[in-house]
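Undergrad:
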Amino acid sequence: MFSWLSRDNNKQEIYQNVVEGLKTIYKHKLLPLEEHYQFHDFHSPKLEDSDFDANPMILLVGQYSTGKTTFIKYLLEREFPGHSHRPRTYN
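Read in order, the letters of the sequence shown correspond to residues 1 to 91 in UniProt numbering.
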């Protein structure tokens, strides 16, 4: 369980991309701990490859005219298609 104590700290692991690195670290370091302490029985199921590969999504909620569009434009650093400066009603 404490194999990290005797590990050579000079050895660095190199990954092809961030997602592959996260998958590898999770499967080799976190998943064994979760299984040992039966984390999946009382909290949430183990992560699958699809959990790492999925595109991230953000939900932005707020009342009318509170700066949601301004915040998105700030993050994107540009205008974006489909934005409007007036409320929309869908029928």
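Note that CB positions come from ideal geometry on N, CA and C, so glycine has one too. Just so you know, these numbers come straight off a predicted model, no measurement behind them.
Where does V19 sit, in a helix, a strand or coil, going by DSSP?
TA: DSSP places V19 in helix when its eight states are reduced to three.
Undergrad: Got a sec? Which residues, its chain only, sit under 7 Å from E34 by beta carbon, not counting five neighbours each side?
TA: For E34, where only same-chain residues beyond five positions count, the Cβ hits under 7 Å are H40 and K46.
Undergrad: Taking the C-alpha atoms as reference points, what is the distance between L60 and K73?
TA: When rounded, the distance between both Cα atoms is 13 Å.
Undergrad: Return the first residue and the last residue of the alpha helix (DSSP H) that F71 is part of.
TA: Taken as a continuous stretch (DSSP letters only), the alpha helix (DSSP H) holding F71 covers K68 to L76.
Undergrad: Going by the CB atoms, is the gap between D53 and V19 shorter than 9 Å?
TA: In this structure, D53 lies closer than 9 Å to V19 by Cβ.
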